[in-house]
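>
Numbering (the working numbering), first residue to last: -12 to 380.
#1: Mapping DSSP to helix, strand and coil, what is residue -5?
#2: Does residue 110 come out as helix, strand or coil in the three-state DSSP assignment?
#3: Give me the Cα-Cα distance between residue 65 and residue 91, rounded to the nearest whole angstrom.
#4: Just to confirm before moving on: does the CB-CB distance between residue 6 and residue 24 stay below 8 Å?
#5: Report the rounded CA-to-CA distance for residue 43 versus residue 290, giving the unit in angstroms.
#6: Cutting at 8 Å between CB atoms, please list the residues of its own chain near residue 314, excluding the five before and the five after it.
#7: Which residue from 211, 217 and 61 puts its Cα closest to that of residue 197?
#8: Where does residue 103 land, buried or exposed, given buried means 16+ other C-beta within 10 angstroms?
#9: Is it buried or exposed, residue 302, if we count other Cβ atoms within 10 angstroms and call 16 or more buried?
#10: From which residue to which residue does the alpha helix (DSSP H) around residue 318 run?
#11: Leaving out five residues before and five after residue 208 in sequence, what residues of the same chain have Cβ atoms less than 7 Å from its Cβ?
#12: Contact check, residue 174 vs residue 199 under 8 Å by CB: the rounded distance?
#13: Are three or more beta carbon pairs between the region 341 to 361 and the region 47 to 62 nearer than 8 Å?
#14: Using a threshold of 8 Å, state whether the C-beta atoms of residue 89 and residue 106 are closer than that.
#15: Quick check on the DSSP output: the beta strand (DSSP E) that includes residue 201 runs from which residue to which?
#16: Among -1, 29 and 10, which residue has its Cα nearest to the Cα of residue 351?
#17: Restricting to Cα atoms, I'd like to know which of 38, 275, 77 and 239 is closest to residue 367.
#18: Would you mind sorting residue 234 into buried or exposed? The rule is 16 or more other CB atoms within 10 Å of its CB.
#19: With burial defined as no fewer than 16 other Cβ atoms inside 10 Å of the residue's Cβ, what is the status of residue 262: buried or exposed?
#20: Express the C-alpha separation of residue 220 and residue 267 in angstroms, rounding to a whole number.
#21: Hey, could you find the ends of the beta strand (DSSP E) residue 309 is sitting in?
#22: To the nearest angstrom, report how far apart residue 210 and residue 183 are at their CA atoms.
#23: Who are the near neighbours of residue 156 in its chain, counting only those whose CB is closer than 6 Å to its CB and skipping five residues on each side?
#24: Let me know if residue 168 comes out buried or exposed under the rule of 16 or more other beta-carbons within 10 Å of its beta-carbon.
#25: By the DSSP assignment, the alpha helix (DSSP H) with residue 362 in it spans what residues?
#26: If I measure Cβ to Cβ from residue 222 and keep anything under 6 Å in the same chain, skipping five residues before and after, which residues do I get?
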């Protein structure tokens, strides 16, 4: 497989026209060449570090977000998850990290890795959350089929070990309340410092990264001080926290579009969720732009779930990062490719010999004009070395 004389943005910078060759699933050659296709370019497949694959994937208006998981069989939910993953892949997102996974997402990862079905690369994190915490409050109080929770350092360690046994790539920890959880408040503390320390220590001992859901300043602070590996949302990040995160190089996934959509009521949500999101968005933009100016390492993370952000909206999120965070086009592309891949430890996000063959052939020059990063400009998508959308020129 090869592309000749095509302009290359390699995940870090523009390299000019190249002859690019690969074999499933490895890039074998990147050599300077005379330009043959001035209208097109090639860049790495995008990496979305924060998604939720299991959600409604059907056409039309989605059903109620809170009740769909309760009334849909698990077998059917897995098929929706596969559809979401493949839709993201066809839209140029060739690596996804699910941050509320269980055996269903692990099954999808194995099926895609083995080639049973075509699909993107997937990482899966299991949630460690407390009783009455953010993750627990997605389920009504009387419903018996609750997700596992852990209270106290020993239970937290056990749940980390349980997820490790199940084959998880990492742990998602909740250190603040959230937006879509029912009867929750963003400012509510989730976990004591001892519990957080136990989760981070046990996960790291078992070779797993820890991603911390944190909206509030206190939730971000305790997560950072206890050594988590990434911050998810990071909405109310103070200046001193931004300076600490920048100095440590800790990645932050800002999930911009979903909070705006909920706050504005552009998606079906409860009045409670709309009010919580509106309160966050009212102060978010100034804080996150300040954090970006201080050097915080923002990476692509959409919180896509099929209800509030669609799989396929990732390009729009990258464009929006330039508007809200003040990033230039190349910085936003790096945040969605090489830096996102580095933040979760996968050998993609760059186009270089020996790396995985995940590519997007696109009309335009998105490293100069970020608006060229649009679904309608996709000519072809290559995932794991195989064409999965469009046609190679």
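We treat Cβ as the ideally placed atom computed from N, Cα and C, and that holds for glycine.
Based on what the coordinates show:
#1: In the structure shown, residue -5 sits in a strand (DSSP, three-state: E or B).
#2: Of the three classes helix, strand and coil, the one that applies to residue 110 here is strand, per DSSP.
#3: Cα-Cα distance, rounded: 6 Å.
#4: no
#5: Rounded to the nearest whole angstrom, the C-alpha separation of residue 43 and residue 290 is 14 Å.
#6: Contacts found: 279, 285, 308 and 322.
#7: Nearest of 211, 217 and 61 to residue 197, Cα basis: 217.
#8: Around the Cβ of residue 103, a 10 Å sphere holds fewer than 16 other Cβ atoms; the residue is exposed.
#9: buried
#10: 316 to 323
#11: 228
#12: Taking a contact as a CB-CB distance under 8 Å, the pair residue 174 and residue 199 does not count as one, their CB atoms being some 16 Å apart.
#13: Between the region 341 to 361 and the region 47 to 62 there are fewer than three inter-stretch CB-CB distances shorter than 8 Å, so the stretches are not counted as touching.
#14: no
#15: 196 to 201
#16: 29
#17: 77
#18: exposed
#19: exposed
#20: Each residue's alpha carbon lies about 11 Å from the other.
#21: From DSSP, residue 309 is part of no beta strand (DSSP E) but of the alpha helix (DSSP H) over 301 to 312.
#22: About 7 Å.
#23: If the five residues before and after residue 156 are omitted, its C-beta is found closer than 6 Å to the C-beta atoms of 110 and 111, all from its own chain and listed in chain order.
#24: buried
#25: Per DSSP, residue 362 lies in no alpha helix (DSSP H) and is assigned neither H nor E.
#26: 202, 267 and 271
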